[in-house]
């Protein structure tokens, strides 16, 4: 079992990527807003310019510039390969800049992944 972590550079591709992952066998994933060190240093994310009484539009500006970090669990190497293939088909070769970063980590133990687990106890 593997933890697949992917930082998607272009947030506009998120829905299409999740659909492609689902077709590759991913049943569920967690998506977080994230920002890299470079963007933080450029202060594209840190908001100290909000008005005293902000409107909703003031809050929606920052998430559009944020990356999306997606976590999922793959059962085997074949599933990791399928996820990588559909990801690169959509975003481009991950060796190229401004596409994303994928990290695959072996998982020694996992709890709470099987929805039927609690019913069997």
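Residue numbers (our numbering): 2 to 122. Glycine included, every Cβ here is placed at the ideal spot set by N, Cα and C. Note that the structure is predicted; figures quoted are calculated from it, not measured.
Under the DSSP definition of a beta bridge, which residues are partnered with residue 107? As a first step, residue 107 must be located in the chain shown, where it is residue number 106. Residue 107 is bridged by DSSP to 3.
Apart from the five residues just before and just after residue 106, which ones in its own chain have a Cβ nearer than 6 Å to its Cβ? For the purposes of this step, residue 106 is taken as the residue at position 105 of the chain shown. 4.
Mapping DSSP to helix, strand and coil, what is residue 113? Your numbering for residue 113 matches position 112 in the chain shown. For residue 113, the secondary structure class from DSSP, reduced to helix, strand or coil, is coil.
Cβ contact (3+ pairs, closer than 8 Å) linking the segment 75–95 and the segment 5–15: yes
According to DSSP, what are the bridge partners of residue 32? In the chain shown, counting from the first residue as 1, residue 32 sits at position 31. Note: residue 32 sits in a beta bridge opposite 71.
For the alpha helix (DSSP H) holding residue 82, just list the boundary residues, first then last. The residue you call residue 82 lines up with position 81 of the chain shown. 78–92 is the extent of the alpha helix (DSSP H) around residue 82.
Kindly indicate which residue of 68, 93, 26 has the alpha-carbon position closest to the one of residue 38. Residue 38 sits at position 37 when you count from the first residue of the chain shown. Per the Cα distances, 68.
Thinking C-alpha only, which one of 18, 85, 35 is nearest residue 77? Against the chain shown, residue 77 aligns to sequence position 76. Looking at the Cα atoms, 85 is the closest of the given residues.
Continuous alpha helix (DSSP H) stretch holding residue 17: start and end: Reading the chain shown from its first residue, position 16 is the one you call residue 17. Counting along the chain, the unbroken alpha helix (DSSP H) around residue 17 starts and ends at 15–24.
Out of 103, 99, 98, which one is the CA nearest neighbour of residue 70? Looking up residue 70 in the chain shown gives position 69. When each option's Cα is compared against that of residue 70, the closest is 103.
From 113, 36, 88, 108, residue whose alpha carbon lies closest to that of residue 15: The count along the chain shown starts at 1 and reaches residue 15 at position 14. For the residues 113, 36, 88, 108, the minimum Cα distance to residue 15 belongs to 88.
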